[in-house]
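Those protein sequence lines, which keep their order, are chains A and B. As numbered in this note's numbering, residues 1 to 238 make up the first sequence, in order. As numbered in this note's numbering, residues 239 to 476 make up the second sequence, in order. Below is one structure, written out as structure tokens; comments come after it.
Number of protein chains: 2
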Amino acid sequence: MTSPSLRLYELVLASGRSASPYVWRIRFALAHKGLAFEPVPLGFTDIPTVLEGRFKTVPILEHGATTVGDSWDIAEYLDRAFPEAPPVFSGPAELATVRLFDLWFSIEVLRRMLMIYVLDIHNAARPADRAYFRSNREARFKGTTLEALTADREARLPALREALLPLRLHLARFPFLGGQAPNYADYIAFGAFEWVGSVATVPALAADDGVLRGWLDRGFDLYGGAGRGPGLQALFDA
Amino acid sequence: MTSPSLRLYELVLASGRSASPYVWRIRFALAHKGLAFEPVPLGFTDIPTVLEGRFKTVPILEHGATTVGDSWDIAEYLDRAFPEAPPVFSGPAELATVRLFDLWFSIEVLRRMLMIYVLDIHNAARPADRAYFRSNREARFKGTTLEALTADREARLPALREALLPLRLHLARFPFLGGQAPNYADYIAFGAFEWVGSVATVPALAADDGVLRGWLDRGFDLYGGAGRGPGLQALFDA
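This is how it looks when you write it as structure tokens:
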């Protein structure tokens, strides 16, 4: 199944690699549904220059005359617009439970990742985006420099690894967070690791974290290797 | 729909109140499916004396000649044995995602509750159960007394309340964790609050925690007030 009219606005680094955890959720959701799309790569400072500046963040999905922002709105839109393709959500109870997972994951995992990798993201961004990224993110932290925010980051790695314990226990029972098959909870988590793996100069995970390594390996291979990038090596201690 | 042959072995306190968070999950699941059952109240020390000592924990469900232990096994059994009653799980993806929620909730919330309320549980147990409960639980903590384990418990209340932030954010959007209708994630969390509310001598939640109060109030009223007990008042600061 292809849909030549789908365009996905995404965030790219100097390497050209797509590196927003929220865009990656949609890349996986599109692959899950077997939908082809045209990527529209943007840097941080390009976002206000497209679509009349109506969106402040990516992903943005264009589908013919329809434009949808916000990854959750896009994920739900895909099931409405393509009901004959494999559903992202089996129904409202799964959707709500995955939204709850997203809140937990954002608070306990994504926030910790951001505080460890925010300087790495800056350094991996396109040179033209770096000044904007620095001033925007430093303003969020009351003027603290990215260097100061990350100075003790290695001391905060254990808490990040510990926060992933529920995933590790779950994945000892199931191949995916969604059970026998991946669901949007997997895509949320894969997206975070795609993002970190694209920028990390210190590994997020321990070398012996075999359960998470196996799951990430399975995930990055899904849908013809849609998620396979340079990331897996950067994620683990040597 | 009634099933006179269903018996639920549960744990009771000196008050006679059912007070295992795992039993409460099944009480809610049975009510969700509209299944009547005969409660079999046990104290901690009674469990090895029933069903030839085959089970070390409750809940235990007897359904005719079938006996099932472990709350997850029972929840899944109910959908298999009563396929015409409302399903507890809409399908395998919802089930797996709720299991992941259970792991997060157990690590971040239930563990904290236990460390705050373990002495209260002891004091609320039937007198005949208290010596067993104390020695069993103190052994799990290398001989530390229940009094020592809970000495600084008020200082640990903020971390418990903070750990519930994902629920609070979710319930600002949906009436239940499961979305527009409660699902087993709600029953897991309601069960924890039924348990704490039955024993607490210090409130788990702040008086102004309106989002959680509204949700617990809705939850305890479900299914003809199946969960309505003395608990709600004990859960909140005055």
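We treat Cβ as the ideally placed atom computed from N, Cα and C, and that holds for glycine.
Asked	Found
Listed by chain order, chain B residues near P170(A) by CB distance under 7 Å	Looking at the sequence itself, residue 170(A) is His, so the reference to Pro does not match. Chain B residues near H170(A): R337, L338, L341.
Within chain B, partners of G178(A) - CB distance below 7 Å	A331, A334, T335
Buried versus exposed call for E52(A) [16 or more other C-beta atoms within 10 Å across all chains shown]	exposed
Residue span of the beta strand (DSSP E) that contains L280(B), given as start and end	276–280
Short CB-CB distance (under 8 Å) between L403(B) and chain A	yes
Cβ shell of E346(B) (< 6 Å), same chain only, five flanking positions each side left out	A401
Per DSSP, cross-strand counterpart(s) of L60(A)	Looking at the sequence provided, one finds Ile at residue 60(A) rather than Leu. According to DSSP, which records beta bridges pairwise, I60(A) is partnered with Y9(A), G69(A).
Limits of the unbroken alpha helix (DSSP H) element including E154(A)	153–163
Three-state secondary structure (DSSP) of G465(B)	coil
Partner residues on chain D for F412(B), Cβ-Cβ distance less than 9 Å	Any reference to chain D falls outside this structure, whose protein chains are A and B.
Beta-carbon proximity of L246(B) to V288(B), cut-off 8 Å	no
Residues in the segment 241–262 of chain B having any Cβ partner in chain A nearer than 7 Å	none
Proximal residues to T439(B) (C-beta, below 6 Å), its chain only, five neighbours per side dropped	D358
Three-state secondary structure (DSSP) of F193(A)	helix
Three-state class that DSSP yields for S373(B) in the structure shown	helix
Secondary structure of F327(B), DSSP reduced to three states	coil
Rounded straight-line distance, which links the Cα of V196(A) to that of R140(A)	20 Å
Nearest-angstrom beta carbon gap, D102(A) and I188(A) [assumed within contact, 8 Å]	5 Å
8 Å Cβ cutoff, S328(B) in contact with chain A	yes
Short CB-CB distance (under 8 Å) between M1(A) and chain B	Interpretation of M1(A) is limited by its pLDDT of 48, a score under 50 that renders its predicted location unreliable; no figure is taken from the coordinates.
Test item: CB-CB of L42(A) and L11(A) under 8 Å	yes
Cutoff 7 Å; reference A445(B); Cβ partners in own chain excluding five residues on either side	F474, D475, A476
Contact set between the segment 180–193 of chain A and chain B, restricted to residues whose Cβ is under 7 Å from the partner	Q180, N183, A185
Euclidean distance between Cα positions of P330(B) and S135(A)	45 Å
The ligand ZN heavy atom lying under 7 Å from the CB of L157(A)	With respect to the ligand ZN, the structure shown offers nothing to examine, as it has no ligands at all.
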